[in-house]
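Q:
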Amino acid sequence: MIVLKFGGTSVGTSESLYNVKKIVESLDDDAVVVVSALGGLTDRLIATAKKASAGDKSYIEDFEAMAVRHYDIINDVVAADCAQLTRARIEPLLLELKQLYDGISLIADLPERTLARIVSLGERMSSIIVTDMIAGARHVNSLDIIKTEKYFDKNIAATELTERLIRENLNDGPYPVVMGGFISSDKDTGEVTNLGRGGSDYTAALVAAALNADVLQIWTDVDGFLTADPRIVKDACVIDEMSFVESMDLCTFGAKVIYPPTIYPVFHKNIPIRILNTHRPDAPGTLISEHPAVENRPNKYIVGISAIKDEALITMRGHYASDSKEIAGRTFNVLSLKGLTPHLVAGDNSLNTFSFAIANKEASQAVRLLKEEFAPELLEAAIEVIEMKSGLAGLAVVGDNLKSAPAMTDRLVSILEDAEIPILALTDKASETNTSFVISEVDVNNALLALHDAIF
Ligand code: ASP
Ligand code: MG
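Numbering (the numbering used here), first residue to last: 147 to 602.
1. Assuming PHE603 contacts ILE434 under a Cβ cut-off of 8 Å, what Cβ separation, rounded to an integer in Å, is found between them?
2. With a threshold of 7 Å (Cβ to nearest heavy atom), would PHE520 be considered close to the ligand ASP?
3. Helix, strand or coil for VAL353, going by three-state DSSP, please let me know.
4. Under 7 Å from any heavy atom of the ligand ASP, does the C-beta of GLY319 make it?
5. Say yes only if the C-beta of GLY99 is nearer than 7 Å to one or more non-hydrogen atoms of the ligand ASP, and no if none qualify.
6. Between LEU422 and the rest of its own chain, which residues show a CB-CB distance below 8 Å, the 5 nearest in sequence each way excluded?
7. Rounding to the nearest angstrom, what Cα-Cα distance links ALA509 and THR373 in this structure?
8. List in chain order: all unbroken beta strand (DSSP E) runs of 3+ residues lying wholly within the segment 520-580.
9. So, with DSSP's three-state summary, where would you put ARG215?
10. Ordered along the chain, which non-local residues of its own chain (more than five positions away) have a Cβ less than 6 Å from that of VAL480?
11. Let's see if you can read the secondary structure: which residues bound the beta strand (DSSP E) around ARG433?
12. From ASN580 to ARG557, what distance separates their C-alpha atoms?
13. Quick one: what does DSSP say MET325 is sitting in, helix, strand or coil?
14. What do you get for GLY201, buried or exposed, if any count of 16 or more other CB atoms within 10 angstroms of its CB means buried?
15. Does the beta carbon of GLU578 fall short of 7 Å from some heavy atom of the ligand GTP?
16. Could you check whether TYR405 and GLY336 sit closer than 8 Å to each other, using their CB atoms as the reference points?
17. Roughly how many whole angstroms lie between the Cα atoms of ASP175 and THR260?
18. Applying the criterion that 16 or more other CB atoms from any shown protein chain within 10 Å of the CB defines a buried residue, is ASN301 buried or exposed?
19. Check whether the Cβ of LEU152 sits closer than 7 Å to any heavy atom of the ligand ASP, and report yes or no.
20. Among residues of its own chain, excluding the 5 on either side of ASP328, which ones have a beta-carbon nearer than 7 Å to its beta-carbon?
21. Work out the CA separation of ALA551 and LYS196 for me, nearest whole Å.
22. How about GLY327: is its Cβ closer than 7 Å to a heavy atom in the ligand ASP?
23. May I ask which residues mark the beginning and end of the alpha helix (DSSP H) holding ILE275?
24. To the nearest angstrom, how far is it from the Cα of LEU307 to the Cα of THR408?
25. Say whether the segment 267-281 touches the segment 223-236, bearing in mind that this needs 3 or more beta-carbon pairs closer than 8 Å, one atom from each stretch.
26. What is the residue span of the beta strand (DSSP E) that ASN423 lies within?
27. Specify the secondary structure class of ALA467 as computed by DSSP and reduced to three states.
28. Determine the extent of the beta strand (DSSP E) in which ASN340 is found, giving its start and end residues.
29. Does the distance from the C-beta atom of ALA453 to that of ILE148 stay below 8 Å?
30. Closer than 7 Å to a non-hydrogen atom of the ligand ASP - does that hold for the CB of GLY268?
31. Tell me, please, which residues DSSP counts as bridged to ILE504.
32. Starting from GLU387, trace the beta strand (DSSP E) both ways and give me its first and last residue.
Right, dumping it as structure tokens:
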């Protein structure tokens with residue numbers, strides 16, 4: 147069994163859909179195909195919803211353009227004798243979309259639940275088109291088998307129920323099965339939900355794990371994981387093989403290749419992931435597995451570098467802040483209870499500070515929570531201040547063997563110093579598979595270039 151996921155750019159144009167058709171129809175194995183919405187459509191669906199709810203009537207033209215795009219693609223990719231049927235399957239979905247837009251335009255409001263229904267239509271439509279394009283394919287409605295539950299104000303996968311439903315519906319053929327990624331429904335209310343932006347990868351991982359697939363193939367528009375973001379570092383190169391942990395570290399720090407939660411379900415079952423390029427199906431891509439071959443790596447210790455922007459640094463200062471174990475425990479506790487995730491932790495006992503990086507959009511809430519949690523220490527000045535600095539970035543140098551590299555942190559620090567990039571914080575050996583830094587957002591490109599140049 148193989149699970150294949152095709153992202154938006156893979157299903158975004160008739161040309162790339164022809165490649166998808168060729169790839170799936172030439173498989174020898176049983177396969178489940180998970181697809182995103184047509185490239186760029188999710189953004190479009192959201193932007194149009196915002197317009198409609200803000201009283202801008204041009205939402206009608208936007209809607210019409212989206213409808214035409216789907217019909218044009220059907221004409222191109224679905225065999226002529228089926229296309230009529232495909233149009234008849236898409237029509238009610240477009241009607242639903244139009245009614246949702248008209249509704250929010252009328253009430254001049256955009257409730258979250260309604261937006262979730264609107265965005266779901268992207269994958270609901272693309273999955274039908276892809277099914278009808280592929281000979282013998284069977285469509286399965288993701289809303290029936292991918293279930294979520296509430297976790298604070300987020301919807302998260304209800305994994306046990308979802309696993310059971312996947313098995314019940316997909317364990318037996320006929321294959322290939324095609325289903326939409328990203329979309330789901332609430333396990334109690336049945337309301338339409340989703341797994342978060344970029345969540346199609348995660349859908350595919352849940353399916354691969356539940357079915358004990360031999361491999362999860364993520365088909366995208368790049369040749370695999372690269373040693374750095376190629377838009378910034380022109381001579382970044384493809385990583386042939388890497389470990390699950392390395393891929394998780396790179397993704398957590400901003401590599402956009404896969405949605406970070408994707409890795410857990412397959413990692414847990416030791417199912418390898420292969421990243422492949424739909425536009426160059428013969429390229430080998432990147433293989434992510436438990437024991438990657440590392441002999442041919444350009445650097446023995448480091449597999450790649452990535453950066454995450456829009457970060458803030460929260461620093462607590464005072465003599466209590468030097469008790470880093472205790473302070474870290476309490477900090478993680480209170481943040482995780484609200485679903486907030488710090489990315490990188492740095493303590494400096496000699497300066498009596500404890501700091502961590504977190505997404506900008508979570509930072510103010512984090513400071514509020516910490517001020518509550520540490521109110522007694524603030525009162526007696528065991529902690530003097532809790533301060534926040536935004537406009538920052540986290541930079542991670544990743545590799546499973548980093549721990550055995552002599553004086554690596556010093557070397558990385560001096561590379562950044564030579565490039566005149568101020569380091570605002572540095573990991574406190576929190577993970578032995580990455581060394582990470584907090585720097586100013588404006589320095590990110592230079593930092594990536596300097597590090598990549600020195601390392602590879
Ligand atoms: N279509 C969704 C998005 O754009 C999910 C995905 O493509 O993974 O976020
Ligand atoms: Mg994606």
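Every residue gets a Cβ at the ideal spot worked out from N, C-alpha and C, and that includes glycine.
A: Working from what's here:
1. Beyond the ends of the chain as shown, which are 147 and 602, falls residue 603; an answer cannot be given.
2. Checking the Cβ of PHE520 against the ligand ASP gives no.
3. In this structure, VAL353 counts as helix in the three-state DSSP scheme.
4. Answer for GLY319: no, Cβ out of range of the ligand ASP.
5. Lying outside 147 to 602, the shown extent of the chain, residue 99 is not represented and no answer is given.
6. Within the same chain, LEU422 has close Cβ partners GLN363, ILE364, TRP365, THR366, GLY370, ALA429 and GLY431.
7. Distance between the alpha carbons of ALA509 and THR373: 29 Å.
8. Listed in chain order, the complete beta strand (DSSP E) runs (minimum 3 residues) inside the segment 520-580 are 531-544.
9. Of the three classes helix, strand and coil, the one that applies to ARG215 here is helix, per DSSP.
10. Contacts found: LEU515 and GLU519.
11. Sequence inspection shows Leu at residue 433; the Arg mentioned does not correspond to that position. Residues 432-435.
12. Going from the Cα of ASN580 to the Cα of ARG557 covers about 14 Å.
13. In this structure, MET325 counts as strand in the three-state DSSP scheme.
14. The residue in question, GLY201, is exposed, as its Cβ has fewer than 16 Cβ neighbours within 10 Å.
15. Judged by which ligands are present, the ligand GTP is missing from the structure shown, whose ligands are the ligand ASP and the ligand MG.
16. No. Outside cutoff.
17. Pairing ASP175 with THR260, the inter-Cα distance amounts to about 39 Å.
18. So ASN301 ends up on the buried side.
19. Reading the sequence as shown, one finds Phe at residue 152 and not Leu. Checking the Cβ of PHE152 against the ligand ASP gives no.
20. This sequence places Phe at residue 328; Asp is not what is there. Same-chain partners within the cutoff: SER182, GLU269, ASN340, LEU341, GLY345, SER346 and THR349.
21. Straight-line Cα distance between these residues: approximately 51 Å.
22. Distances taken from the Cβ of GLY327 to the heavy atoms of the ligand ASP include one shorter than 7 Å.
23. Annotation: the continuous alpha helix (DSSP H) that includes ILE275 extends over 258-279.
24. Looking at the two C-alpha atoms, the distance is approximately 18 Å.
25. The segment 223-236 and the segment 267-281 touch, with three or more beta-carbon pairs separated by less than 8 Å.
26. Bounds of the beta strand (DSSP E) holding ASN423 are 419-423.
27. Reduced to three states, the DSSP call for ALA467 is helix.
28. It spans 338-340 - the beta strand (DSSP E) in which ASN340 sits, taken as one unbroken run.
29. No, Cβ-Cβ distance for ALA453 and ILE148 is not below 8 Å.
30. At least one heavy atom of the ligand ASP is nearer than 7 Å to the Cβ of GLY268, so yes.
31. DSSP output for ILE504 lists ALA458 as bridge partner(s).
32. Element bounds for GLU387: 387-389.
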